[in-house]
Amino acid sequence: MTDLATARQWIGAAERIVALTGAGISTESGIPDFRGPQGLWTRNPEAEKMATLQHYVADPEVRKRAWKNRVQMLGRDPKPNAGHRALVALERRGALHTLITQNVDGLHQLAGSSPGIVVEIHGTMREVVCLDCGERAPTERVLARLTAGEEDPPCQSCGGILKSATISFGQGLVAEDLRRAERAARQCDLMLAVGTKLSVWPIAGVVPLAKEAGARVVIVNAEPTEMDELADAVLRGPIGELLPRLAG
Ligand code: NAD
Ligand code: ZN
Numbered sequence: 014m015t016d017l018a019t020a021r022q023w024i025g026a027a028e029r030i031v032a033l034t035g036a037g038i039s040t041e042s043g044i045p046d047f048r049g050p051q052g053l054w055t056r057n058p059e060a061e062k063m064a065t066l067q068h069y070v071a072d073p074e075v076r077k078r079a080w081k082n083r084v085q086m087l088g089r090d091p092k093p094n095a096g097h098r099a100l101v102a103l104e105r106r107g108a109l110h111t112l113i114t115q116n117v118d119g120l121h122q123l124a125g126s127s128p129g130i131v132v133e134i135h136g137t138m139r140e141v142v143c144l145d146c147g148e149r150a151p152t153e154r155v156l157a158r159l160t161a162g163e164e165d166p167p168c169q170s171c172g173g174i175l176k177s178a179t180i181s182f183g184q185g186l187v188a189e190d191l192r193r194a195e196r197a198a199r200q201c202d203l204m205l206a207v208g209t210k211l212s213v214w215p216i217a218g219v220v221p222l223a224k225e226a227g228a229r230v231v232i233v234n235a236e237p238t239e240m241d242e243l244a245d246a247v248l249r250g251p252i253g254e255l256l257p258r259l260a261g
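This is the structure we're talking about:
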């Protein structure tokens, strides 16, 4: 294992970094991950249904639970943490070219990352989309309806089913977003993977893509990931402590 000082040096010398973040960077903001030891799915495998399109469409109870969760999570008004801010610092230094995130919480942008460098590969919970007519709207509008008592609010234009504008299982990624992420990975000199087990495909594939193209790979995560073996450095520990020391 490479030590923190060496990895910090690599990051300091890199000119074109691509970061790939996962749920682990937001747990310190109070948003649980899915597959970590305290993850939502680890504790309650039923919860996976809410993220599966087929169940969401077929079962109003699944939708009601999903909206309840949204109200709860957004009601806590999660704030960015030191990990998100370290990536803002890296961008200000001119070193962070693209920030690919699997997260849907919008915390990178709230921390100050430029929307132009962020690729939200799994969508965003800050917007909702109608599964029938495709109309998008800010999530706040639906939250207002939910707090007023609706449990499964339909689209106001066509009566169709509304869903968070996140990519559920059973839905394809936005092709242009994936292309952009892969292009950035092929052209970077350092790939920084943070808070992800690297088990969700196809986006995990940007890590081997960067490696094959000659980039260094640095992984920061509390537990082992699927790609520790191809990494040049693996740093295990709390992201909120490690990332500012690596990249702040
Ligand atoms: P994951 O749940 O598979 O893995 C998260 C990893 O982060 C785990 O290995 C865990 O040990 C590690 N981790 C958690 N907190 C940490 C901390 N403070 N310091 C260091 N490591 C920590 O996450 P994933 O690979 O990103 O995949 C889950 C999918 O679910 C993603 O595709 C994403 O779309 C979605 N998701 C998003 C959010 C969010 O937006 N915040 C939250 C949960 C899930
Ligand atoms: Zn509609």
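Numbering of the sequence shown is given in the numbering used here, commencing with residue 14 and proceeding in unit increments.
Glycine residues also receive a C-beta, built at the ideal position from the N, C-alpha and C atoms.
No experiment lies behind these values; they were computed from the predicted model shown.
Delimiting residues of the alpha helix (DSSP H) encompassing residue i
| i | result |
| --- | --- |
| Gly136 | Here Gly136 belongs to no alpha helix (DSSP H); instead the beta strand (DSSP E) covers 136-143. |
| Glu195 | 188-200 |
| Gln22 | 17-26 |
| Pro221 | 219-225 |
| Trp54 | 53-56 |
| Val101 | 95-105 |
| Leu123 | 120-124 |
Interface flag, residue i vs chain C, CB-CB below 8 Å
| i | result |
| --- | --- |
| Pro45 | In the structure shown, chain C does not exist; there is a single protein chain. |
Extent of the continuous beta strand (DSSP E) to which residue i belongs
| i | result |
| --- | --- |
| Lys176 | 175-179 |
| Leu203 | 203-207 |
| Glu74 | Element bounds for Glu74: not the beta strand (DSSP E) but the alpha helix (DSSP H), 73-88. |
Which residues DSSP lists as bridging residue i, in chain order
| i | result |
| --- | --- |
| Pro151 | Glu140 |
| Leu248 | Val233 |
| Ile44 | DSSP lists no partner for Ile44. |
| Leu112 | Ala32, Val131 |
| Thr65 | Phe182 |
| Pro167 | Ile174 |
Contact set for residue i: own chain, Cβ-Cβ below 6 Å, skip 5 residues either direction
| i | result |
| --- | --- |
| Arg98 | Ala124 |
| Lys224 | Val230, Leu243 |
| Ala226 | Arg199 |
| Glu164 | Lys77 |
| Lys62 | His68, Val75 |
| Ala79 | Met63 |
| Ala150 | Val141 |
| Gly49 | none |
| Arg139 | Gly119, Thr152 |
Close-in-space but distant-in-sequence residues of the same chain around residue i (CB under 8 Å, 5 per side omitted)
| i | result |
| --- | --- |
| Thr65 | Ser181, Phe182, Gly183 |
| Trp30 | Reading off the sequence shown, one finds Ile at residue 30, where the question assumed Trp. Excluding residues within five positions, the ones whose Cβ falls inside 8 Å are Ile24, Leu103, Ala108, Leu109, His110, Cys201, Asp202, Leu203, Met204, Leu205. |
| Arg258 | Leu17, Arg21 |
| Trp54 | Phe47, Arg48, Ala60, Glu61 |
Other residues of its chain near residue i: CB distance less than 7 Å, five sequence neighbours each side excluded
| i | result |
| --- | --- |
| Arg120 | One detail in the question is off: residue 120 reads as Leu in this sequence, not Arg. Excluding residues within five positions, the ones whose Cβ falls inside 7 Å are Ser39, Ser42, Pro91, Pro93, His97. |
| His135 | Gln115, Val117, Thr179, Ile180 |
| Ile44 | Met86, Pro91, Asp118 |
| Glu28 | Ala108, Asp202 |
Next item on the list: Would you list the residues whose beta-carbon is nearer than 6 Å to any heavy atom of the ligand ZN, in the order they occur in the chain?
Entry: If you measure from each CB to the nearest heavy atom of the ligand ZN, the residues under 6 Å come out as Cys143, Asp145, Cys146, Glu148, Cys168, Ser170, Cys171, Gly173.
Next item on the list: Pair every Cβ in the segment 146-159 with every Cβ in the segment 121-128, then say whether three or more of these pairs are closer than 8 Å.
Entry: Counting C-beta pairs with one atom in each stretch, the segment 146-159 and the segment 121-128 have fewer than three that are closer than 8 Å, which means they do not touch.
Check: Does the segment 160-179 touch the segment 206-219, meaning 3 or more C-beta pairs lie closer than 8 Å?
Finding: Taking 8 Å as the limit for Cβ pairs, the verdict is that the segment 160-179 does not touch the segment 206-219.
Checklist line | Validate contact between the segment 29-46 and the segment 248-255 using beta carbons, cut 8 Å, 3 pairs | finding: When Cβ pairs closer than 8 Å are counted between the two stretches, the segment 29-46 is seen to touch the segment 248-255, the count reaching three or more.
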